[in-house]
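1 is the number of the first residue of the sequence shown in full-length UniProt numbering; add one for each residue after it. Built from N, CA and C at the ideal position, the CB exists for glycine as well. Some notes on the structure that comes next.
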Amino acid sequence: MSSALSSWRQFQLFDFTPIRDPSYNSDDPLYSDPTLSCINATTSTYLLIAVNNSTIKIINPKNLTCQKAFQAYDVDYRITFIEPVHNSNNLVVTLAEKQGNPSVIKLWDINKMIQLDSKVEEADCKYKFQTQVLVSNHDKLGDNSYPISCFRFNYVLTCLAVGYTNGKVILIRGDLLRDRGSKQRVVYMSGNDPITGVHFNETEQLLYVTTTGKILTVPTTGRNQEKPTRILSQKFGADLNCTDVSDDEAQELIVGLPDSIQFYDTNFLLIVSPQDDDSKKVTTRVLILDLVNNHIAFNLLIPNSSVFHAFMLSGDLYLLTSDGILYKIHEKPVNQQIEIILQRELFSVAFNLAQQKSLPNETLLKIENLHGDYLYDQAQFDEAIGIYIKCLELFDDNVDQDIDEFIMNIITKFKEAVNIPNLTQFLIRLYEKSLASIDHITLLLCCYCKLKKIDNLDSFINDLDLTIENLQDLNFELIINLFKECGFYDQVLKLLYKLDQPNLIVDIQLNDLKKPKLALSYMKTLRIDELLLILIDHSENLYTGARDKKSIHPTYLPPKPNLIYASFTNHPKEFVIFLEASIEAFEKFQGKSIDKHETVMTLLEIYLSLHKSTSDQEWLDKANNLSKQYAELTGNEVDLFMRYQLNENIEGCFGILEKYGDAKPELYKYMLTFIVSKKTIFDKVSNDDIQVLLQQINNYKLLKPMELLELLTENPDNDFITYGLVKDYFVNFFKNQNQEIQNNQKLIEKYEQESTKNSYKLSELTKPMIIQNNKCSSFANSHADGGDNGSDDDKIRCPLCVEKFNDIKDQKEKQHKVSNKENYEVFVNALHESKDKFKFVSDYIGKGVMEHDSITLNE
């Protein structure tokens, strides 16, 4: 075993303190009592020792004073085991033996024993136990003469195992915590092979059993006919006190052998090994092995003494030696352990230990930073970048170190050409973790170019995440120039296509590749707004009237500027340049005043908007100068309104609005913008006045609803603007919209009905028509038969219909008579007033007033 451990690193991660019995060599010693048969402790409160065979002393470990002593068994019994109950500060189990008699197991409440009335006789204390179980090991002679070699119980004290030197294992089942009785049976019998260890694995409900020659398991439930479930080893067993189980959930068996340690998985392992030196004196080596990290965490040589007992108390390990000294072994704070390891530059060991101890990422990051810096200083750049990349995984909200500062530090370290491959790895990980900024992505693309890794570059461009914020702000000038230097035209075009940069694509196709047809074909696929932007840039400032980019003054009148307004959305400063150039062109070539007025008013509005968003006085001065310069276009009222606005004269602004608002409706929009620009101004204006403004804006259709919202919310400091301010406006707007929709729906239905009718009439007109005689059948038949030879009127009148015909004729004559007679005076007056009496009479006769007289004359 020593040769196997010789390659392990050694640290002193535990402190040890030898504690001498304060009553050493007295008549009443504590743990240095030569009659001591057993020592252990409750989980975290008391130290318990058994002396004089059956007496238990309860010791306060803080001041090493005896709190209580009582007789636990009859005087001829000897206490051989004291074990604390798991997760209990006051319960312990003791086992005492008497040759030829059943062994006795007792459960004690130590707190109750301390609180016993002092009048209780010490001899009577042995009856104050909570639970008692008698265990019999009947051999062939039936005298129960073999001693107990090992004893264990499970966490909840429902199952106990007792091993004997004659190879027998007895299992006791019952509820000992509540003293509800118990049953016992033999679960294993090995013949004459002594039992050296019994340990529970509660997860798998089995019992590990070790003998001097075997290692095996038996079940803790059901019956097994004294046969093992599984034999783990037939080649070797274990000596007494050389076995244990790990304290994790797996509860795996650990076996100490003369030349090795057999175990499955555990953390720390205590080894107490007697050693003979040259003087033939007994010394003891105490080792604590870290079996996870494979190093020796503690190494102590105790001279001239053997370790009789080992136990845990309050998380510390205690060893009692043969010379009556109690050694307290305390694990150093984890930060001290890590510091000890880091002093030896064992960064990986320190990191693993910190990770196992669940230390915060802040500590882990510091260790990895030190590790990376150490490797970098040793010129181990490949290894260093790997550690720095691991550091990226450790940044979280609880880490104080600035990640941006860390990233910049690494980029600075690896910026030299020799380290470009390592820098590329780091930038790739930044991108994969969504930590890469636009500058980092730009740098990564440049690294790919420098390394000539076309396949990696193609793959990166193909998989580029388009959801990255501000991806359009990449340093395209730097990237394009570098790609051009490397001849990577296909790659740069692929990137520009992916990022939707039509202007740059056309520029490369025209100026670098010299492929105008390709450029034209591509431009045909673009949206109109994208095409216009390209035309602006590549048609030598078409809309500002400049012949080329070097021209100082316009050379021709530009087209109507409002054709391209939409192309400047979200680019107000560029829009200013465009509008200023357009006005200059209007001045030189005397453009239409209506276009000039629109351009001036738009520029004025942009100036005011920029002043509001940036609070820059320059924009307000520009607006004031523009208003003075073009007073004939903006009107004196606009200039006066701006002056009032500059002085925050609210009453003056309302006065201008009341006087000129209908003539200059845009003043309503300016007024609303002015009111919501500052809280101090807003608070001076009543809600009613604002509602009137909103109504006028709606009446003149100055702003759409979304434009109104943008106006009210474009300033982040406008937290005083609430929904209630525009609630009525939007409610009325949507009501009108709904009403208009309903009206349109009704019109649509009406038009559909009329369309259906007209379609039906048209279809009828396409059918053949039969023109029938409009005379009744009797009249037709009478004429066909010859009829009478009467007057002309009689010839055209039907004998059956003549009465109806005469009624109609009489009615018409009466109507003419009444009408003309009643209007006679009107006729005479009108005739006298007429300048052309002949024309008047002719017109009057043409209206049929003489028709009745004519009929009378004919008759």
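Apart from the five residues just before and just after K628, which ones in its own chain have a Cβ nearer than 8 Å to its Cβ?
D639
- Item | For G652, the first and last residue of its enclosing beta strand (DSSP E) | From DSSP, G652 is part of no beta strand (DSSP E) but of the alpha helix (DSSP H) over I650 to Y660.
- Message: Can you find the residues in the same chain that come closer than 8 Å, C-beta to C-beta, to H371, ignoring five residues on each side of it along the sequence?
- Response: F347, S348, F351 and I387
Segment contact flag, the region 27-36 with the region 353-366, C-beta cutoff 8 Å, min 3 pairs: no
Of the listed residues L257, R180, V245 and D175, nearest to G213 (C-alpha basis): L257
Item to complete: Specify whether the region 464-480 and the region 428-444 touch according to this definition: at least 3 beta carbon pairs, one from each stretch, less than 8 Å apart.
Response: yes
- Between the C-alpha atoms of N715 and H597, what's the straight-line distance to the nearest angstrom? 28 Å
Discussion item. Suppose you measure from the CA of N744 to the CA of Y660; what does that come to, to the nearest Å?
Written reply: 35 Å
| Which of the three DSSP states, helix, strand or coil, is assigned to K168? | strand
Is M671 closer than 7 Å to L703 when the C-beta atoms are compared? no
- Message: Residues in the same chain with beta-carbon distance under 6 Å from T45, minus the five sequence neighbours each way, listed in chain order, please.
- Response: N89
Quick one, which of T158, K112 and S118 has its alpha-carbon nearest V133's? T158
Looking at C447 and I468, is the spacing between their C-beta atoms short of 7 Å?
-> no
| With A623 and L608 assumed to form a contact (beta carbons below 8 Å), what rounded beta-carbon distance in angstroms separates them? | 5 Å
* Under 7 Å between C-beta atoms, does V169 make it to chain B? -> Reference to chain B is not applicable here, since this structure consists of a single protein chain.
Item to check | Rounded straight-line distance, which links the Cα of R285 to that of F318 | outcome: Strictly speaking, residue 318 in this sequence is Tyr, with Phe absent from that position. If you take the alpha carbons of Y318 and R285, they lie about 15 Å apart.
Give the C-beta separation of residue 888 and Y188 to the nearest angstrom, bearing in mind that I take them to be a contact with Cβ-Cβ under 8 Å. There is no way to answer for residue 888, as the model of the chain reaches only from 1 to 859.
Exercise. Hey, residue 860 and L270 are a contact pair by Cβ (cut 8 Å); roughly how many whole angstroms apart?
Worked result: One cannot answer for residue 860 here, as it falls past the ends of the chain, which runs 1 to 859.
*asked:* Do L620 and L604 count as a contact pair if the criterion is CB distance below 7 Å?
replied: no
Do the region 204-223 and the region 105-116 meet, that is, are 3 or more Cβ pairs less than 8 Å apart?
no
Margin query: At the level of alpha carbons, what is the spacing between E752 and K746?
Written below: 10 Å
Item checked: Buried versus exposed, by CB contacts within 10 Å (16 or more), P360 -> exposed
Practice task
May I ask which residues mark the beginning and end of the beta strand (DSSP E) holding P665?
Solution key: Where P665 is concerned, there is no enclosing beta strand (DSSP E), given that its DSSP letter is neither H nor E.
Assuming K415 and L423 form a contact by the criterion Cβ under 8 Å, report the distance between their Cβ atoms to the nearest whole angstrom.
7 Å
Review point. How would you write the range of the beta strand (DSSP E) that E83 sits in, first residue to last?
Key: R78 to P84
Among Q234, N166 and L160, which one has its Cα closest to the Cα of F200? L160
### Task
Please classify residue 863: is it buried, with 16 or more other beta-carbons within 10 angstroms of its beta-carbon, or exposed?
Residue numbering for the chain in the displayed model covers 1 to 859; residue 863 lies beyond these limits and cannot be assessed.
Practice item. Return the CA-CA distance between G652 and L708, expressed in angstroms with no decimal places. Key: 24 Å
Item checked: Assumed close pair N53, S37 - CB separation to whole angstroms, cut-off 8 Å -> 7 Å
Given a cut-off of 7 Å on the beta-carbon distance, is the pair K515 and L464 in contact? no
Pull up the CB-CB distance for D244 and F268, whole angstroms please, since I reckon it's below 8 Å. At roughly 11 Å, the Cβ-Cβ gap does not stay under 8 Å, so D244 and F268 are not in contact.
Assess, as a yes-or-no matter, whether the region 334-344 is touched by the region 10-23 under the definition of 3 or more beta carbon pairs within less than 8 Å. yes
**Asked** When the Cα atoms are used, what is the spatial distance from I329 to D15?
**Response** 6 Å
(message) Quick test of your reading: Q401 and L365, contact by CB under 8 Å. State the CB separation rounded to the nearest angstrom.
(response) 6 Å
Could you tell me which residues DSSP puts in a beta bridge with R230?
T217
Exercise. Whose CA, out of I79, T42 and T43, lies closest to the CA of T55?
Worked result: I79
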